[in-house]
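**Q** To start, I am sharing the structure in question, which I have written as structure tokens.
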Amino acid sequence: MSAILKVYNPYDSSVIAELKQDSESEVHEKIELARIGLTKMNGLSQRQRAVILNKAADLITEDSEDFAKTLVLEVGKTIREARTEVSRCTETLRLSAIEAIKLAGEEVSFSAAGHPYKQGFFRRAPCGVVAAITPFNFPLNLAAHKLGPAIAAGCSVLLKPASVAPLSGIKLAEYLIKAGLPQEAMQVVIGSGSSVGKSIVSSTVPRMVTFTGSRAVGEEITRFAGLKRLCMELGSNSAVVILSDADLEKAARKIKAGGYSLAGQVCISTQRVYAEKQIYSNFLDLLLSEVSKIKTGDPMSEETDLGPMIESKEVDRALSWIAEAGKSGGEVALEGARDGNVLGPWILTQVPENQKVIQDEAFAPLVVVNPVRDLDEAIENVNATGYGLQGSIFTSDLKKAFYACNEIEAGGVLVNEIPTFRSDLMPYGGMKGSGLGREGPAYAVREMTEEKLYLFDIS
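So for the sequence shown, my numbering puts the first residue at 2; every next one is plus one.
In structure tokens form, the structure reads like this:
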């Protein structure tokens with residue numbers, strides 16, 4: 002008998018769904034179906050793939066409120082955050098449709114001594130079956146960022162959604178099939194990463210694994226994947242530098258959003274802030290004023306700004322890290338109250354740089370604000386971790402902004418904007434321990450296709 006996977010509402014811990022987990026034999030059956038699905042994808046033209054993606058976006062838009070409520074129930078994000086994710090999902094699918102149409106190669110020169118009569122070109126061919134493993138925090142749009150480009154490229158997909166929040170990914174797959182995608186080309190595998198995820202990754206059928214999740218799991222995937230393409234976004238501890246010439250009110254307002262959206266459970270959540278000493282106290286007062294306005298509570302309420310964290314054990318972990326920072330000399334500028342899985346916003350200051358709340362990914366409604374002597378000290382602290390997804394700087398000095406962009410070790414550096422900003426069409430990915438490859442439909446399609454050469458001897 003197959004095991005049952007219970008899906009819980011993070012806000013009130015009620016069971017919202019029970020799903021049958023796939024057995025090992027069922028996983029292998031779905032892998033084989035995905036192989037068949039690849040053949041069926043080969044029969045679809047680029048335009049047909051684009052039509053499917055646009056149709057799926059239309060269907061999701063029609064049922065957008067239902068999708069949003071599903072996100073609230075399984076993730077705990079606020080209804081307003083959920084609606085934004087649904088909108089972004091449809092945009093990601095439409096951007097992927099554009100890439101399906103644009104997909105092209107180029108002519109290749111074979112001009113070499115003794116070979117005057119050769120001409121040819123390369124085209125971008127689908128890499129094969131793509132294994133897509135998605136996280137709980139954006140289970141709809143991050144699935145779209147994997148499925149959309151894969152379909153645009155002509156690949157079939159094995160989707161393994163997060164076991165704590167699988168419902169949105171399942172719905173997305175259903176709507177893609179409803180839009181005309183061959184059923185074999187869209188296989189959803191249900192279960193834990195340690196069981197079904199490992200089976201997918203270690204199989205020789207998928208030619209690529211695209212994964213969003215923790216660094217530890219990403220490293221484990223690399224051990225089991227073998228000779229596969231890998232695209233992995235592995236989180237971060239994103240930092241903001243604030244110089245004395247910055248618009249402090251703007252910075253405080255944006256960091257309020259960047260540090261506490263989805264209870265801080267965002268890979269590019271604003272976690273660290275380094276403010277120059279001469280404006281440190283002023284900025285901290287402004288940030289406290291902004292963050293104190295955040296309303297916690299029922300995520301289904303239109304008035305709520307901050308809902309629950311995904312599980313009780315994650316709240317416990319975050320509080321233990323905060324306690325460790327306090328024992329090491331860190332100070333509490335704002336203490337967040339706990340109510341079940343809802344953790345109010347925290348602001349810590351004067352935290353030693355070796356603490357977990359600085360060195361690791363907090364994934365909690367927590368921002369650390371530390372003073373620095375100057376820009377060079379700020380950049381040194383920003384770079385002194387194993388992560389590098391996105392960072393940012395607030396300044397009115399263009400020269401210093403460019404200097405920071407060059408020196409900060411991250412996949413993206415944003416000026417007068419928080420590192421939490423992401424447009425779904427931009428190249429998105431990290432340096433160091435934050436991952437491999439890039440997402441964003443145009444860039445993901447490149448990852449999911451191979452340059453296949455066609456040569457003609459016309460002598």
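Every residue gets a Cβ at the ideal spot worked out from N, C-alpha and C, and that includes glycine.
1. On the DSSP letters alone, give me the boundaries of the alpha helix (DSSP H) that Ile-359 sits inside.
2. Skipping 5 residues on each side, what residues in its chain have a beta carbon closer than 6 Å to that of Ala-445?
3. Quick one: is Phe-457 buried, meaning 16 or more other Cβ sit within 10 Å of its Cβ, or exposed?
4. Comparing alpha-carbon positions, which option in Ser-195, Ala-101, Gln-272, Leu-285 lies nearest Gln-360?
5. In angstroms with no decimal places, state the Cα-to-Cα distance between Asp-64 and Asn-55.
6. Which ranges does the beta strand (DSSP E) cover as unbroken runs of at least 3 residues, wholly within the stretch 137-165, from first to last along the chain?
7. Are the stretch 344-354 and the stretch 363-374 touching, with three or more C-beta to C-beta distances below 8 Å?
8. I'd like to know whether the C-beta atoms of Gly-192 and Asp-23 end up nearer to each other than 7 Å.
9. Specify, as a first and last residue, the run of the alpha helix (DSSP H) that Met-42 falls within.
10. Identify the continuous beta strand (DSSP E) that holds Pro-372 and give its terminal residues.
11. Are the CB atoms of Ile-269 and Leu-143 within a distance shorter than 7 Å?
12. Tell me whether Pro-300 is buried or exposed, calling it buried when 16 or more other Cβ atoms sit within 10 Å of its Cβ.
13. Taking Gly-413 as the reference, which of Lys-401, Lys-357, Met-427 has the closest Cα?
14. Would you report the Cα separation of Ala-379 and Val-242, rounded to the nearest angstrom?
15. May I ask which residues mark the beginning and end of the beta strand (DSSP E) holding Gln-120?
16. Just tell me which of Ser-97, Ala-126, Glu-234 has its CA closest to the CA of Gly-430.
17. Could you say if the stretch 162-182 and the stretch 245-258 meet the contact criterion of at least three C-beta pairs nearer than 8 Å?
18. Quick one: Cα of Leu-289 to Cα of Arg-374, how far?
19. Whose C-alpha, out of Arg-50, Phe-122, Asp-13, is nearest the C-alpha of Ser-97?
20. Kindly give me the distance between the Cβ atoms of Val-158 and Arg-208, rounded to whole angstroms, as I take these residues to be in contact under 8 Å.
21. Since Cys-156 contacts Arg-230 with CB under 8 Å, what's their CB separation in whole angstroms?
22. Is DSSP giving Glu-312 helix, strand or coil here?
23. Answer yes or no: the CB of Ala-252 versus the heavy atoms of the ligand FAD, is any distance below 6 Å?
24. Indicate the three-state DSSP secondary structure (helix, strand or coil) for Lys-7 in the structure shown.
25. How is Cys-268 classed by DSSP in three states: helix, strand or coil?
26. Hey, would you say Val-316 sits closer than 7 Å to Asn-342, going by beta carbons?
27. Whose C-beta lies closer than 6 Å to the C-beta of Ala-252 among residues of the same chain, with five residues either side of it excluded?
28. Which of the three DSSP states, helix, strand or coil, is assigned to Val-383?
29. Which partner residues does Tyr-275 have in the DSSP bridge list?
30. Of the residues Ala-334, Val-206, Ile-152, Gly-259, which one's Cα is nearest the Cα of Tyr-281?
31. Is DSSP giving Thr-213 helix, strand or coil here?
32. Using a Cβ-Cβ cut-off of 7 Å (strictly less than) and excluding sequence neighbours within five positions of Ala-180, which residues of its own chain qualify?
33. Taking buried to mean at least 16 other C-beta atoms within 10 Å of its own C-beta, is Asp-306 buried or exposed?
34. So which of Lys-257, Leu-34, Thr-386 has the shortest CA-CA distance to Gln-188?
35. Look at Glu-100 and Pro-442 and say whether their C-beta atoms are less than 7 Å apart.
36. Measuring straight from C-alpha to C-alpha, what distance separates Arg-48 and Lys-41?
**A** Let me spell this out:
1. Position 358 of the sequence shown, counted from the start, is the residue given in the question as residue 359. Where Ile-359 is concerned, the enclosing alpha helix (DSSP H) stretches over 357-360.
2. Taking the sequence shown and counting its residues from 1, one reaches residue 445 at position 444. Cβ neighbours of Ala-445 beyond the five flanking positions: Pro-150.
3. In the sequence shown, counting from the first residue as 1, residue 457 sits at position 456. Exposed, by the Cβ-count rule.
4. For this step, residue 360 is matched to residue 359 along the sequence shown. Closest in alpha carbon position to Gln-360, among Ser-195, Ala-101, Gln-272, Leu-285, is Gln-272.
5. Looking up residue 64 in the sequence shown gives position 63. Looking up residue 55 in the sequence shown gives position 54. Near 15 Å, if we compare the C-alpha coordinates of Asn-55 and Asp-64.
6. Fully enclosed beta strand (DSSP E) runs of no fewer than 3 residues occupy 158-161 of the stretch 137-165, in order along the chain.
7. Verdict: yes, contact present.
8. As a working note, residue 192 is residue 191 in the sequence shown. As a working note, residue 23 is residue 22 in the sequence shown. The beta carbons of Gly-192 and Asp-23 sit closer together than 7 Å.
9. One-based indexing of the sequence shown puts residue 42 at position 41. For Met-42, the enclosing alpha helix (DSSP H) has its first and last residue at 25-43.
10. Mapped onto the sequence shown, residue 372 falls at position 371. From DSSP, the beta strand (DSSP E) with Pro-372 extends over 367-373.
11. As a first step, residue 143 is located in the sequence shown; it is residue number 142 there, counting from the start. As a first step, residue 269 is located in the sequence shown; it is residue number 268 there, counting from the start. Against a cut-off of 7 Å, the Cβ pair of Ile-269 and Leu-143 comes out as no contact.
12. For the purposes of this step, residue 300 is identified with residue 299 of the sequence shown, where counting begins at 1. Buried: at least 16 other Cβ atoms inside 10 Å.
13. Taking the first residue of the sequence shown as 1, we reach residue 413 at position 412. Distances from the alpha-carbon of Gly-413 to those of Lys-401, Lys-357, Met-427 put Met-427 closest.
14. Taking the first residue of the sequence shown as position 1, residue 379 is located at position 378. Taking the first residue of the sequence shown as position 1, residue 242 is located at position 241. Between Ala-379 and Val-242, the C-alpha separation is close to 6 Å.
15. Position 119 of the sequence shown holds residue 120. For Gln-120, the enclosing beta strand (DSSP E) covers residues 119-127.
16. Counting from 1 along the sequence shown, the entry for residue 430 is found at position 429. Residue Glu-234 is the option with its Cα nearest to Gly-430.
17. Three or more beta-carbon pairs separated by less than 8 Å are not found between the stretch 162-182 and the stretch 245-258, which leaves the two stretches without contact.
18. Counted from its first residue, the sequence shown places residue 289 at position 288. Counted from its first residue, the sequence shown places residue 374 at position 373. Answer to the nearest angstrom: the Cα atoms are 22 Å apart.
19. Taking the sequence shown and counting its residues from 1, one reaches residue 97 at position 96. A check of alpha carbon separations from Ser-97 across Arg-50, Phe-122, Asp-13 identifies Arg-50 as the nearest.
20. Looking up residue 158 in the sequence shown gives position 157. Looking up residue 208 in the sequence shown gives position 207. Between Arg-208 and Val-158 the Cβ distance is about 12 Å, and since that is not below 8 Å, they are no contact.
21. For this step, residue 156 is matched to residue 155 along the sequence shown. For this step, residue 230 is matched to residue 229 along the sequence shown. 11 Å between Cβ atoms; not a contact.
22. Indexing the sequence shown from 1 puts residue 312 at position 311. In the structure shown, Glu-312 sits in coil (DSSP, three-state: anything other than H, G, I, E or B).
23. No copy of the ligand FAD appears in this structure; indeed no ligand is present at all.
24. Your numbering for residue 7 matches position 6 in the sequence shown. For Lys-7, the three-state secondary structure derived from DSSP is strand.
25. Translated into the one-based positions of the sequence shown, residue 268 becomes position 267. Cys-268: coil per DSSP, three-state reduction.
26. Taking the first residue of the sequence shown as position 1, residue 316 is located at position 315. Taking the first residue of the sequence shown as position 1, residue 342 is located at position 341. Going by C-beta atoms, Val-316 is nearer than 7 Å to Asn-342.
27. For this step, residue 252 is matched to residue 251 along the sequence shown. Take Ala-252, set aside five residues on each side of it, and the residues of its chain with a beta-carbon closer than 6 Å to its own are Ile-243, Phe-395, in chain order.
28. One-based indexing of the sequence shown puts residue 383 at position 382. For Val-383, the three-state secondary structure derived from DSSP is helix.
29. Sequence index remark: in the sequence shown, residue 275 carries index 274 (1-based). Bridge partners of Tyr-275 according to DSSP: Val-242, Asn-371.
30. Taking the first residue of the sequence shown as 1, we reach residue 281 at position 280. Looking at the Cα atoms, Ala-334 is the closest of the given residues.
31. Locating residue 213 in the sequence shown gives position 212, where the first residue counts as 1. Thr-213: strand per DSSP, three-state reduction.
32. Here residue 180 refers to the residue found at position 179 when the sequence shown is read from its first residue. Cβ within range, chain order: Ile-53, Lys-56, Ala-57, Leu-60.
33. Sequence index remark: in the sequence shown, residue 306 carries index 305 (1-based). Flag for Asp-306 reads buried.
34. Mapped onto the sequence shown, residue 188 falls at position 187. Cα-wise, what sits closest to Gln-188 is Leu-34.
35. Residue mapping note: residue 100 aligns to position 99 of the sequence shown, counting from 1. Residue mapping note: residue 442 aligns to position 441 of the sequence shown, counting from 1. Closer than 7 Å, so yes.
36. Along the sequence shown, read from residue 1 onward, the residue named residue 48 stands at position 47. Along the sequence shown, read from residue 1 onward, the residue named residue 41 stands at position 40. Answer to the nearest angstrom: the Cα atoms are 15 Å apart.
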